[in-house]
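One rule links them: number in my numbering = place in the sequence shown (from 1) + 9.
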Amino acid sequence: MALIDLIFAKKFSRELTAAQLREFAAAAADPATPDYQLAAMLMAIRLNGMTERETAELALAMAQTGDMLSPEVDGVPVDKHSTGGVGDTTTLVLVPLVAACGGKVVKMSGRGLGHTGGTIDKLESIPGFRTELPETDFLRIVREVGCCVVGQTGELAPADKRLYSLRDVTSTVDSIALIASSIMSKKLAGGARGIVLDVKLGSGALMKTMEDTLALARLMCAIGRHSGRQMAALITGMDEPLGSQVGNALEVEEAIRVLSGQVTGPLLTVSLALGAQMLVLGGNAPDEQAARMMLEAALREGRGLDRFRRMIAAQGGDARVCDNPGLLPQAAVKTPLLARGDAYLAGINTESAGLAAQALGAGRMRKEDAIDPSAGYILRKRVGDYVREGEVIAVLHHSAAAPVQKAADMLRGALAFSAQKPSKQALIRARIAPDGKETYENDL
């Protein structure tokens, strides 16, 4: 069937069959297919939508245009996916903790783009750390260490890679069906049998409303279940950076401090909640409460940090950073951002705060842009803290050539102050259990 026939059908809101969706995915993976035909199809989907079944079939079809991993890792392979945020270093905390509790984590991650950070960029700030490994080495490390984090290969869901590059320039980024099928195509290709989703909500998230966030989480869970995966999801807040350190090497340092028991707070809270779901899906714990106790014990006994140390060494990195974070890239200049009056820090526009880190060199606008692994900032105040004039709100880490004044102005502009102490939003707003049951923040 010609692609023009599929465009015609979707133009009139007709439901496509699994065979038609496989045809579309194959066309997307074929370099000979003109961009304008794919763009037309994307717009037809954006305007007329897809059913849950269509979205699930498209995700699987895109996954099958490339390598489909079947990890043999002496256990149930599990994975976690976040829809992106700022200071969101949960992967670096929960992956070694889950492995320390017997989990087998097969983690494929991406690079940062725009205001959100990327796990691969963070790990590559560790001297020598390799994120590109042959599949045999990847799976061997998972068997031996319990976890391994690598970048997504070019052979993973190539149809999605093509469509993803077109969505931004065709104004179809905001289609929930296209977002869900894109994310899940890579998760299905990665081979994990249990997948935990961290779907962000708030000013720094892809989705800004609870309605849209829940719709995305439900759809991704349905896609996974349609393909025989066990799924769970948490809706978590992104109304301020999750951690206090924003930037690649800075976030690795904070993860080490969390794993060594020096730091608690929102980053640890969300990491434990996600990690507990992973242990349940992997069959390592009978329920969430038992899983949480296992993770807390691994943290308390230093087994999570030891597992992180082992993973770094196995992937060619300098594991001494776990005992001496000063071996991570260090910024040449550190500039404090001072408060201009007495008030409560009432809120942070997290997207703007992420763009401030990008301006310092911690992020990229285009995939080919270089980043400065040492760049970013450390927040000294969190939402709800009282700030006095002249106090340090944040410390900017940057090179001498970075546009520090621009970044400082962007970060200051992201901060809202109030004479009244603000109420704090819940970190975990909702949960979707493996059986599909939904629980909301008042009952969590």
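In this text, a Cβ means the ideal position worked out from N, Cα and C, and glycines have one as well.
- Within the stretch 130 to 192, the complete beta strand (DSSP E) segments of 3 residues or longer fall at 156 to 160, listed in chain order.
- Runs of beta strand (DSSP E) with 3 or more residues, each lying fully within the stretch 346 to 408, are found at 352 to 357, 385 to 388 and 401 to 407, listed in chain order.
- Annotation: Ala241 is outside any alpha helix (DSSP H); the continuous beta strand (DSSP E) that includes it extends over Gln239 to Gly246.
- Rounded to the nearest angstrom, the gap between the Cα atoms of Pro295 and Tyr173 is 38 Å.
- In the DSSP assignment, His235 falls within the alpha helix (DSSP H) that extends over Met219 to His235.
- When only Cα atoms are considered, Gly284 and Met320 end up about 17 Å apart.
- Distances from the CA of Thr278 to each of Ala70, Leu15, Val102 and Ser79 were compared; the closest alpha carbon is that of Val102.
- Looking from the CA of Arg389, the closest CA among Tyr353, Gln254, Arg438 and Ala442 belongs to Gln254.
- Here Ile13 is exposed: its Cβ has fewer than 16 other Cβ atoms, across all protein chains shown, within 10 Å.
- As DSSP reads the structure, Val205 sits in a beta bridge with Lys89 and Ala241.
- The Cβ neighbour count for Pro167, taken over all protein chains shown within 10 Å, is at least 16; the residue is labelled buried.
- Per DSSP, the unbroken alpha helix (DSSP H) holding Phe317 starts and ends at Arg312 to Ala323.
- Distance from the CA of Ser190 to the CA of Ala409, rounded to the nearest whole angstrom, comes to 42 Å.
- DSSP, reduced to helix, strand and coil, places Arg438 within a strand of the structure shown.
- Contact annotation: Gly393 and Leu347 have beta-carbon atoms that are not nearer than 8 Å.
- For the options Phe17, Thr98, Ile54 and Asn451, the alpha carbon positioned closest to that of Thr273 is the one of Thr98.
- Residue pairing for Glu447: DSSP places it in a beta bridge opposite Ile441.
- Counting along the chain, no beta strand (DSSP E) covers Phe33; the unbroken alpha helix (DSSP H) around it starts and ends at Ala27 to Ala38.
- Gly155 and Ala11 have their C-alpha atoms roughly 46 Å apart.
- About 6 Å separates the beta carbon of Leu187 from that of Ile54, a gap short enough to meet the 8 Å contact definition.
- A contact is defined here as three or more CB-CB pairs under 8 Å, and the stretch 74 to 89 meets this definition with respect to the stretch 138 to 153.
- Sequence-distant partners of Gly350 (beyond 5 residues in either direction) whose C-beta falls short of 6 Å from its own C-beta, in its chain, are Glu398.
- When the five nearest sequence neighbours on each side are left out, the beta carbons in the same chain lying within less than 8 Å of the beta carbon of Val413 are those of Val342, Thr344, Leu369, Leu405 and His407, in order along the chain.
- Between Leu67 and Ala34, the alpha-carbon positions lie close to 7 Å from each other.
- In the DSSP assignment, Leu47 falls within the unbroken alpha helix (DSSP H) covering Asp44 to Asn57.
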